[in-house]
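Asks: Got a structure for you, written out below as structure tokens; questions coming shortly.
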Amino acid sequence: MLNTVAASLAGWMLGPFILVPWAALVGRSSVIFWSLIATLGCQVWAAKMAGPNDFIPFAISRAICGVFGVIPAILGTGYIMDMFFLHQRGKAFAIFEVLIIFAVVGGGTLGGFIAEYGPWSDVFWWTVGPVGAAAISVFIFVEDTTFNHSPNAIQRPPLPKSWFANRVATFLPGIKTQAVGPGKGAAVYRRFIVPLQITITPITLLVGTFVFVALGLPIMQASTLAIYLMPPISAGGYGFSALQLAFFTMTAWVGIICAQFHGYLFNDRLPLAVASRMGGIWRPEYRLANTLLPGTLLPVGLAVYGVGLQLRLHYMVLALASFIIWFAALLALPVCYNYIVECFVDTPVEASVALNSYRIAFGLMSVFIITQWQGAVGVGWMWGMGALFVLLVDGLMVVVLCRGHEVRKYTGRISHSIAVTEDGQKIIEQPTRNRMADVERDLRSALARSS
Numbered sequence: 000m001l002n003t004v005a006a007s008l009a010g011w012m013l014g015p016f017i018l019v020p021w022a023a024l025v026g027r028s029s030v031i032f033w034s035l036i037a038t039l040g041c042q043v044w045a046a047k048m049a050g051p052n053d054f055i056p057f058a059i060s061r062a063i064c065g066v067f068g069v070i071p072a073i074l075g076t077g078y079i080m081d082m083f084f085l086h087q088r089g090k091a092f093a094i095f096e097v098l099i100i101f102a103v104v105g106g107g108t109l110g111g112f113i114a115e116y117g118p119w120s121d122v123f124w125w126t127v128g129p130v131g132a133a134a135i136s137v138f139i140f141v142e143d144t145t146f147n148h149s150p151n152a153i154q155r156p157p158l159p160k161s162w163f164a165n166r167v168a169t170f171l172p173g174i175k176t177q178a179v180g181p182g183k184g185a186a187v188y189r190r191f192i193v194p195l196q197i198t199i200t201p202i203t204l205l206v207g208t209f210v211f212v213a214l215g216l217p218i219m220q221a222s223t224l225a226i227y228l229m230p231p232i233s234a235g236g237y238g239f240s241a242l243q244l245a246f247f248t249m250t251a252w253v254g255i256i257c258a259q260f261h262g263y264l265f266n267d268r269l270p271l272a273v274a275s276r277m278g279g280i281w282r283p284e285y286r287l288a289n290t291l292l293p294g295t296l297l298p299v300g301l302a303v304y305g306v307g308l309q310l311r312l313h314y315m316v317l318a319l320a321s322f323i324i325w326f327a328a329l330l331a332l333p334v335c336y337n338y339i340v341e342c343f344v345d346t347p348v349e350a351s352v353a354l355n356s357y358r359i360a361f362g363l364m365s366v367f368i369i370t371q372w373q374g375a376v377g378v379g380w381m382w383g384m385g386a387l388f389v390l391l392v393d394g395l396m397v398v399v400l401c402r403g404h405e406v407r408k409y410t411g412r413i414s415h416s417i418a419v420t421e422d423g424q425k426i427i428e429q430p431t432r433n434r435m436a437d438v439e440r441d442l443r444s445a446l447a448r449s450s
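In structure tokens:
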């Protein structure tokens, strides 16, 4: 089972580097639509692989599904940057990123319910409907928001106003959504290169390392949950059925929903409050104030999870730990994505591609090392070490929070064209404070002139 999970994660990590650059040729909307169609095909393919010799084709279907399935989650950041102002992006990223993870976790929960009462292939058949509905919704409703903000950039001609002609221009294949010019090949090539450049910039390395650990460990927890809970009690597990495992994963649902509310309330409010205290001048690092709470909670959740497994505590202890882990992880994830995207405002999608690779890498790696890791130190210390790793990378976030504006200067050594931020903008006007003596003096002067 873990091998197929690894195949999916590998596709999830590699897919954006391969497919996202083609948005420069046919537009983001078209790439999203056709990725959904390919994802639907892969789900049907996986459902048909029910024979005794079908494991390899099944694993290949999972890898290809990962390549295409992640694309809407990556390209969505471009729409957020096109449609929302700076003071709204915290909410937008919170809703967007949390819903993505909620879909991942929720799909596993529903799959558990289905597997309890039917053949395992139904776990893939039921997804055909939602994925197909998503593709139809994209075709009907999604508009292409591509706009080059450079002052001398060539803009595309207006798209047709009639609905059907507009849909054809947007999705079949979508070339008309991009500016007309001889440099389309160069634009596609540049979008292959820019994510690699962003991946190795110092600021992305620091934040990406935090994401690598702080988001990779929850992915590892979710992908290995069955190997702890489903073995019989005599074998050291908890004897969960597929149905019980599905109910258990709803603890992550609660954590994700709570993170959604917290992000909506504070992901913009807190950074703007910091900016107000700093004279109304904006720095992207103010976003990272929202990582202090998850940076504290996540090690606690991982430690409780490890102790619960080591001492075979009641499964409700594990449920509490799972809630804390996912609540903390989903507090941090949107903030990190928002920050990195605002460090590269002219290339938001490429920045999202870069950070996605860090997010998935630990979860992918853990599939291959978890058995040896657990065998070397025990299950309790394995998760305890994870908690210590989070504390270490918390230090990196403190460095970025305090000195990130200086670290970002090194981006220009890799490429000046990507080193574009909104740093230094005046976003809050400070109210003028007048002393009473000055007011009275001005009033006397006005009365004297009128007389």
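Number 450 marks the last residue of the sequence shown (numbering that gives the first Met the number 0); no jumps.
Ideal placement from N, C-alpha and C gives every residue a C-beta, glycine not left out.
Quick caveat, the model's predicted, so the values are computed rather than measured.
Cβ atoms of V366 and L8: under 9 Å apart, would you say?
Replies: Result yes, Cβ atoms of L8 and V366 sit closer than 9 Å.
Asks: Taking 8 Å as the threshold, find out whether the stretch 196-212 comes into contact with the stretch 20-31 through three or more Cβ pairs.
Replies: Because the criterion of three Cβ pairs below 8 Å is not met, the stretch 196-212 and the stretch 20-31 do not touch.
Asks: Alpha carbon to alpha carbon, how far is I36 from V130? Give it in angstroms, no decimals.
Replies: The alpha-carbon atoms of V130 and I36 are separated by roughly 8 Å.
Asks: If you draw a straight line from the C-alpha of L390 to the C-alpha of Y357, how long is it?
Replies: When rounded, the distance between both Cα atoms is 18 Å.
Asks: Going by DSSP, what residue range makes up the alpha helix (DSSP H) through Q220?
Replies: First-last of the alpha helix (DSSP H) with Q220: 215-222.
Asks: Where does I31 sit, in a helix, a strand or coil, going by DSSP?
Replies: Helix.
Asks: Using 10 angstroms around the beta-carbon of Q220, count the other beta-carbons present and answer buried if the total reaches 16, otherwise exposed.
Replies: Burial call: buried.
Asks: For the 8 Å Cβ check, are there 3 or more pairs between the stretch 332-348 and the stretch 274-294?
Replies: Enough Cβ pairs lie closer than 8 Å, so yes.
Asks: Roughly how many whole angstroms lie between the Cα atoms of R88 and D267?
Replies: Roughly 7 Å separates the two Cα atoms.
Asks: Have a look at L310 and C41 and give me their C-alpha separation to the nearest angstrom.
Replies: Looking at the two C-alpha atoms, the distance is approximately 41 Å.
Asks: Quick check on DSSP: helix, strand or coil for K160?
Replies: Here K160 sits in coil by DSSP.
Asks: By Cβ distance, which residues of its chain are closer than 6 Å to G111, with the 5 residues on each side in sequence left out?
Replies: Closer than 6 Å at the Cβ level, and outside the excluded window around G111, lie A241, L244, A245.
Asks: What is the DSSP secondary structure of C280, counted as helix, strand or coil?
Replies: Position check: residue 280 holds Ile in this sequence, whereas Cys was assumed. Reduced to three states, the DSSP call for I280 is strand.
Asks: Along the chain, where does the alpha helix (DSSP H) that runs through A72 open and close?
Replies: Its alpha helix (DSSP H) spans residues 70-82.
Asks: Across which residues does DSSP place K425 in a beta bridge pair?
Replies: Looking at the DSSP assignment, K425 forms a beta bridge with I280.
Asks: Compare the beta carbon distance of I73 and V348 with 9 Å and say whether it is the shorter of the two.
Replies: Yes.
Asks: What's the gap between the Cα of I192 and the Cα of L319?
Replies: Cα-Cα distance, rounded: 43 Å.
Asks: If you drop the 5 nearest sequence neighbours on each side, which residues of the same chain put their C-beta closer than 6 Å to that of M80?
Replies: The answer, listed in chain order, is P347.
Asks: Can you tell me whether DSSP reads Q177 as helix, strand or coil?
Replies: Q177: coil per DSSP, three-state reduction.
Asks: Tell me whether M82 is buried or exposed, calling it buried when 16 or more other Cβ atoms sit within 10 Å of its Cβ.
Replies: Burial call: exposed.
Asks: Leaving aside the five residues before and after P231 along the sequence, list all residues of the same chain whose C-beta is less than 7 Å from its C-beta, in chain order.
Replies: Counting only Cβ-Cβ distances below 7 Å, and skipping sequence neighbours, we find G238.
Asks: How would you write the range of the alpha helix (DSSP H) that Y263 sits in, first residue to last?
Replies: Y263 -> alpha helix (DSSP H) spans 249-265.
Asks: According to DSSP, simplified to helix, strand and coil, what is R443?
Replies: Three-state result, R443: helix.
Asks: Taking the C-alpha atoms as reference points, what is the distance between A91 and I359?
Replies: Rounded to the nearest angstrom, the two C-alpha atoms are 22 Å apart.
Asks: Hey, could you find the ends of the alpha helix (DSSP H) K183 is sitting in?
Replies: Residues 183-198.
Asks: Between G423, G411, C257, which has its C-alpha nearest G279's C-alpha?
Replies: Looking at the Cα atoms, G423 is the closest of the given residues.
Asks: Determine the extent of the alpha helix (DSSP H) in which H404 is found, giving its start and end residues.
Replies: Segment 378-406, the alpha helix (DSSP H) holding H404.
Asks: With H, G and I counted as helix, E and B as strand and the rest as coil, what does DSSP make of W44?
Replies: It is helical.
Asks: Going by C-alpha distance, which of I174, V141, I139, W162 is nearest P156?
Replies: Of the listed residues, the one whose Cα sits closest to P156 is I174.
Asks: Compute the distance between the beta-carbons of A328 and L297, then report whether it is under 9 Å.
Replies: Cβ distance < 9 Å, so A328 and L297 count as in contact.
Asks: Hey, how far is the Cα of Q371 from the Cα of I218?
Replies: Between Q371 and I218, the C-alpha separation is close to 18 Å.
Asks: Would DSSP call S321 helix, strand or coil?
Replies: Here S321 sits in helix by DSSP.
Asks: With a CB to CB cut of under 6 Å and the five nearest residues on each side skipped, what residues in its chain are close to P71?
Replies: Closer than 6 Å at Cβ, skipping near neighbours: I31.
Asks: Quick one: grab the DSSP three-state call for A49.
Replies: Coil.
Asks: Please report how far the alpha carbon of F138 lies from the alpha carbon of G385, in whole angstroms.
Replies: Each residue's alpha carbon lies about 43 Å from the other.
Asks: Identify, in the order they occur along the chain, each residue of the same chain with its Cβ nearer than 6 Å to the Cβ of V316, setting aside the five sequence neighbours on each side.
Replies: Hits under 6 Å: G307.
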